[in-house]
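The sequence shown maps to residues 5 to 752 in the numbering used here. No residue lacks a Cβ here, since even glycine has one placed at the ideal position from N, Cα and C. This structure is a prediction, so every number in the text was calculated from the model and none was measured. Notes follow once the structure below has been shown.
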Amino acid sequence: MATTVVISGKPFTFARRLLAVLLLTALSTSVWADRPKIGLVLGGGGARGAAHIGVLKVLEQERIPVDYIAGTSMGAIVGSLYASGLSVADIEEVVNSIDWHDALTDGGPRSEHSIRSKKSDVEFAVSIEAGINGGKLGFPTGLVQGQRLEMLLRRLLIDASTIKDFDALPIPFRVVATDLATMQPMVFDHGDLARAVRASMSVPGAFEPVRYADTLLVDGGMVDNVPIDVAHAMGADILIVVDVRTPLSSASDLQSLGSILNQVINGLMLAETDHELEQLSSDDVYILPDLRDLKSSDFTRAHEAVPWGEEAANDHLEALQKLSMTAAAYTTHIADRATVSIAYPNIGQVNVYHASTDEATMLDASLAWQVGSPLDIDRLESSISEIYSDGRYSNIQYEVVQEDGETNLDINVSDKSWGPTIVEAALRVSDNFDGDSNYLFSVESVSHDMNSRGAKWINRARIGLRTGLFSEFYQPISSNHHNFLAPSVEFAGRNVNVRTALDDSVWRDQRGIIALDFGHAFANKAEIRLGYEYGYADTALRIGDPLIQADEHFTISQLSLEYVRDTLDNPAFPRQGLFLDIKVNEPLQSLGADATATAIFFDIYKPIAIGKGALLIGLTVNGLSNDNTVPFQELFSLGGITRLSGYQPDQLFGRYTGLASAVYYRRLGSDKSSMFGTPLYIGGSIETGGVWLERDQIGRDSLQLAGSVFAGIDSPVGPIYFGYGRAEGGVDSFYLTIGSLMRRLPTR
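See the structure below:
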C-alpha cells in the first residue's frame with residue numbers, strides 16, 4: 005500500500021512528493037545557474053585587513069556565493085586562504101595565533117640558528133647590515149627580507165602548493181603586486197601562490213622587494229589597492245568591495261619626516277583607489293569598515309578588526325541579501341567547489357637552484373633526509389632557518405612541485421644583492437655618570453664564495469676596551485660544512501687595571517697570535533675546536549707600583565681546546581635553553597712557551613622561565629693550574645653590571661676569578677610585538693664573587709656581594725640597559741650598557 009501524507013488537507017503520495025522535490029530542485033538549480041557571478045574584492049591595509057574576516061562571516065551567514073576573489077596585500081593573504089579552501093573560522097584562528105613579531109622578522113627562532121651565527125650574535129646583534137659588492141658599499145633595500153613571512157605563507161597554503169593555475173583553486177583567485185620598474189600592476193593568475201602573496205604585501209622600505217622572473221615587485225597597494233578592475237576582468241557581474249584604507253592624518257600629527265612621507269604615499273594610494281571606485285555600479289556593494297584608531301602596523305590588535313568588519317557588512321545587509329541563495333542552493337554551491345588537500349606526499353628529489361655548485365651541494369647534503377620521506381614542514385623549516393642564519397642569503401624558500409607524476413621539492417636560493425661581503429657593527433658602552441666611561445666598538449665583515457669549497461673570510465676590528473684586528477679563514481672540509489679548518493691571525497691591545505688591597509697599577513698589554521683550529525659543529529647546538537696558537541705578549545707598566553712583576557716580552561705557544569654549547573632562545577633576555585663555554589689553554593714549553601700554567605675558562609648560564617619573567621642563573625670560574633708566571637693577556641677579569649655590579653667592566657683582574665649570579669627580568673606589555681616593536685624589560689640581580697692573584701687567597705671571607713636594578717630593551721642595535729649597581733665597600737655605578745649581560749668581553 006502506498007504511503008500517503010497530507011499537504012494543505014490533500015492526500016499526496018510519496019512518489020508524487022519525490023517528483024515535486026526533484027522538479028523544485030531542478031528549477032532551483034536552473035535559476036541559480038543563470039545567476040550573476042559575484043566577485044569579492046579585498047583591499048590592502050596591513051593589520052586593518054583583518055576586517056575582511058568579519059565581512060566573510062556575514063557573507064557565509066547570509067548564504068552569499070563568492071565566485072571570484074581579487075586581493076591586494078593583506079587582502080591577498082585573507083583572499084588566498086579563503087580561495088584555497090580554508091573556512092572563515094580557520095582563517096580567524098590563524099590570524100589570532102600568528103606571532104607577528106616572529107613572522108615580520110627574518111631570523112626566526114634562535115634555536116634554529118647555526119652555532120656560528122649564535123657565537124656571533126651575542127656581540128654583533130645589529131639587525132641592519134651593509135655589504136660590499138664590486139668594491140662598492142651597498143645596503144639592503146628593505147628593513148625585512150621577508151624570509152619568515154614567506155615561510156609562514158607557504159605553511160598556511162601548503163594544501164594548494166601544487167596548484168599553479170589560480171583558476172583551479174576552490175575559488176578562482178587573483179593577486180595584485182606592483183612592478184617597481186614600470187610602476188604598473190602585475191596581476192598573478194598562475195605560478196607560485198605563496199610567492200605571489202608575499203610580493204603583494206612588500207611594503208617599500210619595510211620589506212625587501214620580491215624578484216620574480218625578470219621583475220622586481222613591491223606592494224600592490226601602490227597602484228591598485230582595491231583591485232576592482234581585476235575582478236571585472238575575471239568575469240564578475242556584481243562586486244562586493246571591502247576597502248580597509250588608512251585615513252589621512254591630520255596636520256597636527258604630521259610632525260616628522262616619516263609621517264610626512266607616509267602621508268604623501270597614502271594620499272597617492274587613496275587617490276588611485278577613489279578613481280577605481282568610480283567603476284562601481286548601483287548593483288555593487290561597497291563596504292568601508294570603521295576601524296577606529298587601528299593602524300596598519302598594529303598586528304597585535306588585528307583581532308579587533310574582525311567584529312568591526314562584521315559590523316560594516318551588517319550595515320549593508322539589505323543590499324547583500326539581494327545576492328543571497330536558498331539554503332539548498334547554497335549547500336550545492338559549496339559542495340561544487342573544488343577541494344584541495346594533500347597528505348604530505350613522499351618527496352622524490354630535492355632540487356637546489358643556486359649559482360654556486362658548492363653551495364648547492366651543501367644544501368643538498370643538509371636536506372638529504374627529506375628525499376624519499378613524507379614532507380616534514382617543521383623539520384624543513386628548521387633546516388632552512390639554520391642555513392639562512394649563516395648570513396649569506398637574502399631568501400631561501402621551498403616549493404612543492406609535481407613533475408612527471410613525481411612530487412619534488414625545489415629549493416630557491418637568493419644571494420644578498422649587497423654581498424657577497426657582509427658587514428655588521430656592534431657597540432658596547434658603559435658609563436657610571438661620575439667621570440668613568442668605556443666602550444668597545446666592533447666591526448665584522450664576512451666574505452663568502454672565497455673558493456669552490458664554500459670558504460668564508462671573517463675579519464673583525466675593535467677599538468675601545470680592546471683594540472685590535474682579527475682575521476680567520478673558515479674552510480669547510482665536509483659536504484654539510486659541519487667539519488672545518490680555521491687558520492687565523494690576531495693583533496690586540498688593552499689596558500689592564502689591577503686593583504686589590506695591596507696593588508693598584510695599570511699595565512698595557514699587546515699581543516700577536518697566529519692559530520690553526522680544527523673544529524666540528526654538532527648540528528646547530530654546539531661546536532668544539534682544537535687548535536694551536538703561537539705568538540707573543542708584550543707588557544709595559546703604565547701607572548703604579550705593582551705587587552707582582554711581569555716579563556716585558558712573553559712567548560705564547562699553546563694548545564687550545566674549546567667547547568661551546570648554546571641553545572638559548574635569546575642572547576639578551578633568554579627564557580629557555582643553556583649556554584656553556586669551556587676552554588683550556590695548555591702551554592707547550594717544548595715549543596717555546598714561557599707560561600707554565602694551564603689556563604681554564606668556564607661559563608655557564610641557565611634561564612628558568614617564571615610567568616612573563618625569567619631567572620638567569622650564572623656561574624663563571626676562571627683560573628690557572630699554578631701561581632707561576634703568566635702573561636697579563638691571560639689574566640681574568642670581572643666588573644660591570646651583573647658581573648660584580650658597582651664596578652666598571654673589567655675593572656678587577658686576577659689569576660683566579662669566580663662569580664655566581666642570579667638575574668631576574670620581566671617583560672612589560674604583550675608577549676607579541678607589532679611589526680617593529682621593541683620589547684621593554686625591568687629586572688635586578690644578586691651576585692657574589694671575587695678576583696685573586698694567588699690561590700691561597702681564595703675563600704668565603706674574600707667574596708664580595710653585589711647587586712643591581714635595571715631597565716632594558718631588546719632593540720634592533722642590540723640589548724640596551726640602564727641600571728644601577730652597588731658592591732660591598734660602597735662601590736657603586738650607574739650604567740648605560742649596550743651588549744649582553746652574560747659574557748665576558750670577546751678575546752678573538
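Boundaries (first-last residue) of the alpha helix (DSSP H) holding residue i
{"i": "GLY313", "result": "309 to 318"}
{"i": "ARG546", "result": "That residue, ARG546, is in no alpha helix (DSSP H); its beta strand (DSSP E) goes 530 to 547."}
{"i": "TRP104", "result": "104 to 107"}
{"i": "SER121", "result": "119 to 125"}
{"i": "LEU156", "result": "151 to 160"}
{"i": "VAL268", "result": "261 to 281"}
{"i": "ILE388", "result": "381 to 392"}
{"i": "ALA4", "result": "Nothing can be reported for residue 4, as the shown portion of the chain is limited to 5 through 752."}
Cβ-Cβ distance between residue i and residue j below 7 Å
{"i": "LYS616", "j": "ARG671", "result": "yes"}
{"i": "VAL248", "j": "ALA55", "result": "yes"}
{"i": "THR76", "j": "GLY262", "result": "no"}
{"i": "ALA240", "j": "GLY43", "result": "yes"}
{"i": "ALA601", "j": "LEU628", "result": "yes"}
{"i": "LEU413", "j": "VAL354", "result": "yes"}
{"i": "GLY535", "j": "LEU520", "result": "yes"}
{"i": "GLY716", "j": "PRO723", "result": "yes"}
{"i": "GLU276", "j": "ILE232", "result": "no"}
{"i": "GLY687", "j": "TYR660", "result": "no"}
{"i": "ALA80", "j": "VAL344", "result": "no"}
{"i": "GLN267", "j": "SER253", "result": "yes"}
{"i": "PHE477", "j": "TRP461", "result": "yes"}
Neighbourhood of residue i by C-beta, 8 Å cutoff - its chain only, sequence neighbours within 5 removed
{"i": "GLY394", "result": "Here residue 394 is Asp; the residue named in the question, Gly, does not match the sequence. Result list for ASP394: SER118, ARG120, SER121, in chain order."}
{"i": "TYR72", "result": "LYS41, ILE42, GLY43, LEU44, ILE175, PRO176, PHE177, ARG178, ALA235, MET238, GLY239, ALA240"}
{"i": "ASP183", "result": "PRO189, MET190, THR219, LEU220, LEU221"}
{"i": "ARG515", "result": "GLU494, PHE495, ALA496, GLY497, GLY539, TYR540, ALA541, ASP542, ILE560, PRO635, GLN637"}
{"i": "LEU63", "result": "LEU44, VAL70, ILE244, ALA317, LEU324"}
Range of the contiguous beta strand (DSSP E) that encloses residue i
{"i": "MET190", "result": "188 to 192"}
{"i": "GLU410", "result": "410 to 419"}
{"i": "VAL234", "result": "Careful: VAL234 lies outside any beta strand (DSSP E), inside the alpha helix (DSSP H) at 232 to 238."}
{"i": "LEU141", "result": "140 to 142"}
{"i": "SER737", "result": "735 to 742"}
{"i": "ASN355", "result": "354 to 357"}
{"i": "ARG670", "result": "660 to 672"}
{"i": "SER441", "result": "441 to 451"}
Same chain only: Cβ atoms within 7 Å of residue i, ignoring 5 sequence neighbours per side
{"i": "GLY195", "result": "LYS168"}
Alpha carbon of residue i to alpha carbon of residue j, nearest angstrom
{"i": "ARG199", "j": "VAL234", "result": "19 Å"}
{"i": "ASP1", "j": "ASP368", "result": "Look at the range of the chain in this structure, 5 to 752, and you will see that residue 1 is not part of it."}
{"i": "GLY89", "j": "GLY50", "result": "22 Å"}
{"i": "ILE560", "j": "ASN630", "result": "17 Å"}
{"i": "LYS529", "j": "THR365", "result": "22 Å"}
{"i": "ASP110", "j": "ASP302", "result": "19 Å"}
{"i": "ASP223", "j": "VAL82", "result": "15 Å"}
{"i": "PRO575", "j": "ALA210", "result": "25 Å"}
{"i": "ALA599", "j": "ILE517", "result": "15 Å"}
{"i": "VAL417", "j": "TYR397", "result": "7 Å"}
{"i": "LEU327", "j": "ILE68", "result": "6 Å"}
{"i": "ARG305", "j": "ASP705", "result": "55 Å"}
{"i": "ALA317", "j": "SER84", "result": "20 Å"}
{"i": "ALA309", "j": "SER649", "result": "47 Å"}
{"i": "LEU3", "j": "THR250", "result": "Residue coverage of the chain in this structure runs from 5 to 752, which leaves residue 3 outside it and unanswerable."}
{"i": "LYS420", "j": "LEU545", "result": "48 Å"}
{"i": "MET205", "j": "VAL227", "result": "12 Å"}
{"i": "ASP38", "j": "LEU153", "result": "41 Å"}
6 Å Cβ shell around residue i - same chain, five flanking residues per side excluded
{"i": "GLY142", "result": "GLY135, TRP422"}
{"i": "SER449", "result": "THR425, VAL427, ASN463"}
{"i": "TYR567", "result": "ILE532, ILE586"}
{"i": "GLU116", "result": "SER386, SER389, GLU390"}
{"i": "GLY658", "result": "VAL695, TRP696, LEU697"}
{"i": "ALA465", "result": "VAL447, LEU473"}
{"i": "GLY644", "result": "PRO653"}
{"i": "ALA459", "result": "GLN479"}
{"i": "ALA710", "result": "LEU648, SER649, GLY650, GLU691, ALA731"}
{"i": "GLN708", "result": "GLY694, ALA731, GLU732"}
Heavy atom of the ligand COA within 6 Å of residue i beta-carbon
{"i": "ALA342", "result": "Among the components modelled here there is no ligand, and therefore nothing to report on the ligand COA."}
Inset, instruction - Jot down the residue ranges of each uninterrupted alpha helix (DSSP H) in the segment 591 to 631, minimum 4 residues, whole runs only, in chain order. - result: none
Inset, instruction - Could I get the ranges of all uninterrupted beta strand (DSSP E) runs contained in the segment 467 to 513, with 3 residues as the minimum, in chain order? - result: 470 to 480, 487 to 503
Inset, instruction - Any chance you could list the beta strand (DSSP E) runs of at least 3 consecutive residues sitting entirely within the segment 28 to 97, in chain order? - result: Taken in chain order, the complete beta strand (DSSP E) segments of 3 residues or longer contained in the segment 28 to 97 are 42 to 46, 72 to 76.
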